[in-house]
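Asks: If you use the working numbering, the sequence shown corresponds to residues 725 to 927, in order. Supplied in structure tokens, the structure appears directly below.
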Amino acid sequence: MLEEEYDRDRRRLPRHLRRQPEPEQPFAFSIRPVEDADVPDIREIYNYYVTNSVVTFDEDTWSIAQWRDKREQLQKLGLPFLVAQSPAGQVLGYALVQPMSSKSAYRFSVENSIYLGQAATGKGLGRALLEALIEACEEAGIRQIVAVISDKGAEGSIALHERLGFVEVGRMGRVGYKFGRWLGTIYLQKSLKPAKKKGLFAR
Ligand SMILES: CC(C)(COP(=O)(O)OP(=O)(O)OC[C@H]1O[C@@H](n2cnc3c(N)ncnc32)[C@H](O)[C@@H]1OP(=O)(O)O)[C@@H](O)C(=O)NCCC(=O)NCCS
């Protein structure tokens, strides 16, 4: 043993006197409708995936103004937009639905979107948030939700949607091109049991 190693061992405190690591906090969150103050966090969460992944086909990051417009547009249409927050108030992720098309006959059908901050993934939050989104859609009278998912790098999203009863209804090959490679889309659909019988989008 080297001399300095001997000294180091001698200086070590007995186990019961050593500082114990902080106990790990349980992962806790609550889910609520989005507020204007959430927009900067939402932007940051989404832009991470725009810049670093092919789970979204957006290539340009979104601005705060774009997110504010989106929120206002969905609010006017009465479409659910939820966030999950930590006990300290940090936004951990969001889920929303938007019209599938601007053509009016589509008014009972929406496309959904769900993104969590990287540190919040893999802990059951995606499931809780998507369940809450589905429930909110049923309250709003929506009949069909469609998830359009990248065929590369989105295994977690496909697994989550399938766990919650979405069924694959089709694929399109090579419709996107990002980071120098072709990407396809997978369509998963879920039929809902709407609480309200009368339509969507103020019609
Ligand atoms: C996709 C995403 C929303 C899933 O949320 P999550 O909190 O990580 O997932 P959960 O921990 O709630 O897991 C939900 C279920 O999917 C399964 N799952 C999650 N990730 C998986 C993976 N990579 N492979 C296989 N199964 C997976 C879990 O086992 C779990 O199943 P269970 O409830 O039967 O145990 C989240 O990971 C995320 O935001 N990813 C990056 C952005 C993204 O891809 N968004 C979707 C774009 S279409």
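Where is the CB? At the ideal position from N, CA and C, for every residue including glycine. Note that the structure is predicted; figures quoted are calculated from it, not measured.
Between the region 842-851 and the region 792-801, are three or more C-beta pairs nearer than 8 Å?
Replies: No contact exists between the region 842-851 and the region 792-801.
Asks: Please confirm whether Ser874 and Thr845 have their CB atoms less than 8 Å apart.
Replies: Contact: no.
Asks: Classify Ile788: buried if its beta carbon has 16 or more other beta carbons within 10 angstroms, exposed otherwise.
Replies: Result: exposed.
Asks: Excluding the 5 residues preceding and the 5 following Tyr839 in the sequence, name in chain order all residues of the same chain whose CB lies nearer than 7 Å to its CB.
Replies: Within the same chain, Tyr839 has close Cβ partners Ile769, Tyr770, Tyr773, Gly817 and Tyr818.
Asks: Whole angstroms are fine: how far does the CA of Glu879 sit from the CA of Ser833?
Replies: Between Ser833 and Glu879, the C-alpha separation is close to 24 Å.
Asks: Just to confirm my understanding: we take Pro811, look at its own chain, exclude 5 residues before and 5 after, and list those with CB closer than 6 Å. What are they?
Replies: Contacts found: Ala752.
Asks: Give a single yes or no on whether Ser881 has its beta carbon closer than 7 Å to a heavy atom of ligand 1.
Replies: Yes, the Cβ of Ser881 comes within 7 Å of a heavy atom of ligand 1.
Asks: Enumerate, from N- to C-terminal direction, the unbroken beta strand (DSSP E) stretches of 3 or more residues contained entirely within the region 783-821.
Replies: Correct list: 805-809.
Asks: Report the three-state DSSP secondary structure of Leu840 (helix, strand or coil).
Replies: Leu840 falls in the strand class under three-state DSSP.
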